[in-house]
Amino acid sequence: MMFEFRETDEPQTQNLDLCFPGRAADRGYKSNLASFNARTLNPSVDLSESETLDTLKGWLHQCSHNHLFCCSNRKHSPPTRLIWIGNENIRLVLTDELEQVPAYATLSYCWGLEPFLMLTSKTIDTFLIAIPECELPKTFRDAIFIARGLGMSYIWIDALCIIQRDSRDWHLEAGRMQSVYGGSEVTIAASSATNVHQGCFNRPINDVSGVFPEDMPWRSWEEVVERYSATMLTYSSDRLPALSGIASRQGEIREDEYFAGMWRENLLDQLLWQRRGDQPKKRPAWQAPTWSWASINQPVKAGTPQQLETRSLHIKVLDAWTEPSGPDSYGPVSGGELTLGCYDILCGFLDGDTNEMIFRPKRDLFFNAARQGKAIMNDLDTSDV
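Take the sequence shown: its position 53, counted from the start at 1, is 53 in full-length UniProt numbering, and no numbers get skipped.
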């Protein structure tokens, strides 16, 4: 379950969205996505008041006791580290030293570019004894306040639980990301904040919404991608890892192969993604195959209905694969390849003697979008295309 704090379309307003992972929706275009429903509360509600936290605890109880998907005994690998917040003396703990993995909250937020206190090889010994809560950035302090209000004694925050500037630890923990978020009791999302110092309650609140698994504003994976691609990530290399938790959940529902932010079943549709906006940016260092929207750090949009209607008439996916760079099949990738079959345009000429059109023999072509993103065209006999 996720509590999301986000700015709304109205000036100076903010929503609290309560997102429960539910069953696959049975309506809407390609709607094999966990379903949601919105509920609006009194606009004057202050999210930092105890009354609001009591409401959230009630929602959390309803989720964990009444929703079959949420109550399922799915096994998740525990986080390597957690932050103990059961009293004022918070500290880093190693989960393999605990008798059992406790219930914990997770935090989703934007880092920003300003420095803040984090876990490093130099601070880990100190953090295992105590973490000075007063020195933490506001978003962390707000998240700890919310987690405590929900009755949680532990929270996972990436900057405090993954050793920063340690590539080995980052790759190891990035592979656990889907289990870390999937195994948490609740995820707190500070969606309005553009850096870690703005906090979870950084705007006046005029509207508060709760989201339940009866209806859904997101009707397809394409809509998830459109919304996610517009978010601001501090590090572009996190583009796929940050989505891995949602992708993993959808993988359980869809039972489909995942290729760097795209699904085999709808691959032709999803290949029609386009960059949004008029200002192109320089392509970043390689982070995904160029046929994936995750290869650029810009908002994208899905193909138009007209494109979707005609695309199957001329092209077919012959093969596709991506190579995960770690143990998480929904995380970062180190390579990938896409092979498409299509018909070429026939060349012909008018025979002046017979006044007949003469065409060269029909042939098929395939385009191989390789790791480097270069299109390679070769002759291929694909009579079934």
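From the three backbone atoms N, C-alpha and C, an ideal C-beta is built for every residue, glycine too. All values derive from a computational prediction rather than experimental measurement.
If you compare the alpha carbons of H314, T304, M262 with that of A320, the shortest gap goes to M262. Check the Cα spacing between L272 and each of G149, D256, K301: the tightest is with K301. When T106, P137, L119, A193 are compared, the shortest CA-CA separation from L150 is found for T106. The Cβ atoms of D328 and G183 do not sit closer than 7 Å to each other. Ranked by Cα distance from Y181, the first of P299, G341, S295, H76 is H76. As the crow flies, the alpha-carbon of N355 is around 30 Å from that of H314. When C-beta atoms of the stretch 117 to 125 are compared with those of the stretch 185 to 195, fewer than three pairs fall below 8 Å, so the two segments do not count as touching. A distance of 7 Å or more separates the beta carbons of A288 and A247. A direct Cα-Cα distance of roughly 20 Å separates F116 from V93.
The beta-carbon distance between S153 and G86, rounded to whole angstroms, is 4 Å. This is short enough to meet the 8 Å contact definition. For Y258, the number of other beta carbons within 10 angstroms of its own is at least 16, and it is reported as buried.
The secondary-structure analysis by DSSP pairs R81 across a beta bridge with L94. DSSP, reduced to helix, strand and coil, places R275 within a strand of the structure shown. For A320, DSSP records a beta bridge to L338. When DSSP assignments are scanned along the stretch 125 to 186, the uninterrupted stretches of beta strand (DSSP E) that are 3 or more residues long and fall wholly within it turn out to be 154 to 156.
Residue burial annotation: M118 is buried, with at least 16 other C-beta atoms found within 10 angstroms of its C-beta.
Annotated as proximal: P299 and A230, with beta-carbon spacing under 7 Å. Residue range 244 to 254 is occupied by the alpha helix (DSSP H) that includes A247. Partner residues in the beta bridge of L107, as assigned by DSSP, are I188. Membership of L268 in the alpha helix (DSSP H) is indicated by the continuous run 267 to 270. In this structure, C200 keeps its C-beta atom at 7 Å or more from the C-beta atom of D158.
Proximity to T95 across L82, P284, S236 peaks at L82, based on C-alpha coordinates. For the options T322, E255, N266, the alpha carbon positioned closest to that of S220 is the one of N266. When C-alpha distances from R276 are compared across Q250, Y228, S237, the shortest belongs to Y228.
I129 and S108 have their alpha carbons spaced roughly 25 Å apart. With a cutoff of 7 Å on beta-carbon distance, W156 and Y104 are scored as near each other.
From the listed residues R264, T234, P78, the smallest Cα separation to Q178 is found for P78. The C-beta of R165 has fewer than 16 other C-beta atoms within 10 Å across all chains shown, which makes the residue exposed. For V225, the uninterrupted alpha helix (DSSP H) segment begins and ends at 221 to 229. Annotated three-state conformation of W263 is strand, per DSSP. Of the other Cβ atoms in all chains shown, fewer than 16 fall within 10 Å of the Cβ of L98; this residue is therefore exposed.
Note that the C-beta distance between P137 and H197 is below 7 Å. In the DSSP assignment, E356 forms a beta bridge with D351.
Around the CB of T139, 16 or more other CB atoms lie within 10 Å, so the residue is classed as buried.
In the three-state DSSP reduction, K57 falls in the helix class (H, G or I).
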